[in-house]
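Visitor: The numbers in the sequence shown follow the UniProt record's numbering, run straight up by one, and end at 127.
Idealized CB from N, CA, C, for every residue including glycine.
Here it is: the structure, laid out below.
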Amino acid sequence: MPTRIFFYRDGVSEGQFSTVLLSELRAIQKACKSLRPDFEPAITYVVVQKRHHIRFRPPDPGMKNVEPGTVVDKGITHPRDFDFYLCSHEGIQVQKSSQFDGVEVYLKLLLFVDRIIHMYTLHSGCQ
């Protein structure tokens, strides 16, 4: 059995964070207990929001967009919650970064999340 579960969630509005987190976290924990009563893995729950109005300007006026992999985690983020903006791909026209709100998320997961976004973007584009 795994010692950790990484749960990646899309499509949750900011007003629904608490409700969705509590209900889905309980459901995951219940499912774990149904497999084995003593099965209590660490659960990392990440919410990504792609529909927001934040735009980033590159430091060099000659560049159209910020570099892929750009992370903003200060200044415009929530003062207490762990959230950040990640620009995970090359911009085609106007580039949008995704906003992440993570519970029990550590900075070492940034590279992993970046890879997930690339896979998600690739998969979404194929539909």
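Candidates 71, 43, 85: which alpha carbon is nearest residue 28's?
Guide: 43
Visitor: Please classify residue 18 as buried or exposed, where buried requires at least 16 neighbouring CB atoms within 10 angstroms.
Guide: exposed
Visitor: For residue 70, tell me which candidate among 59, 80, 79, 41 has the shortest Cα-Cα distance.
Guide: Residue 70 has its Cα closest to that of 59, out of 59, 80, 79, 41.
Visitor: How is the beta strand (DSSP E) around residue 43 delimited, first residue to last?
Guide: Residue 43 -> beta strand (DSSP E) spans 42–49.
Visitor: Is DSSP giving residue 20 helix, strand or coil here?
Guide: The answer is helix: DSSP assigns residue 20 an H, G or I state.
Visitor: Where do the ends of the beta strand (DSSP E) carrying residue 70 lie?
Guide: Start and end: 70–72.
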